[in-house]
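A.B. asks: Just so we're aligned: the sequence shown equals residues 785 to 864 in our numbering.
We treat Cβ as the ideally placed atom computed from N, Cα and C, and that holds for glycine.
One structure, pasted below without further comment.
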Amino acid sequence: QAFFNTYGEHYLLVGLTVASSLIGVVTFGTLAGSLLPFLLRRLGFDPASASAPFVATLVDVTGLIIYFTTASAILRGTLL
């Protein structure tokens with residue numbers, strides 16, 4: 785009972801926001817991690833430069849952008 789009162793009547797929208805942004809972040813992370821070495825090779829760069837720290841940083845920054853964009857689209861007019 786206490787959990788449902790944390791976000792008031794908008795707890796379903798908050799859950800939808802987190803779930804949909806999680807799907808977007810995981811999808812983007814998978815695509816970026818698998819396609820970035822191929823793209824770098826095609827552009828003439830060393831595909832080994834698409835190492836784990838580079839991909840992790842790219843996915844983390846993009847994940848924040850995906851989350852905040854999703855949150856502003858779903859929660860506009862309710863919690864924002």
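#1: Locate the alpha helix (DSSP H) running through residue 862, then write down its first and last residues.
#2: Under a Cβ-count criterion, where at least 16 other Cβ atoms within 10 Å of its own Cβ denotes burial, should residue 741 be classed as buried or exposed?
#3: In this structure, does DSSP put residue 792 in helix, strand or coil?
#4: Does the Cβ of residue 823 lie closer than 6 Å to at least one heavy atom of the ligand MG?
#5: Using a threshold of 7 Å, state whether the C-beta atoms of residue 846 and residue 794 are closer than that.
#6: Quick one: what's got a C-beta closer than 6 Å to residue 809's C-beta in the same chain, skipping five residues either side?
C.D. replies: In short, the structure shows the following:
#1: Taken as a continuous stretch (DSSP letters only), residue 862 belongs to no alpha helix (DSSP H), as it is neither H nor E.
#2: The first residue shown for the chain is 785 and the last is 864, placing residue 741 beyond what the model contains.
#3: helix
#4: Looking for the ligand MG in the displayed structure turns up nothing, as the structure carries no ligands at all.
#5: no
#6: 847, 850
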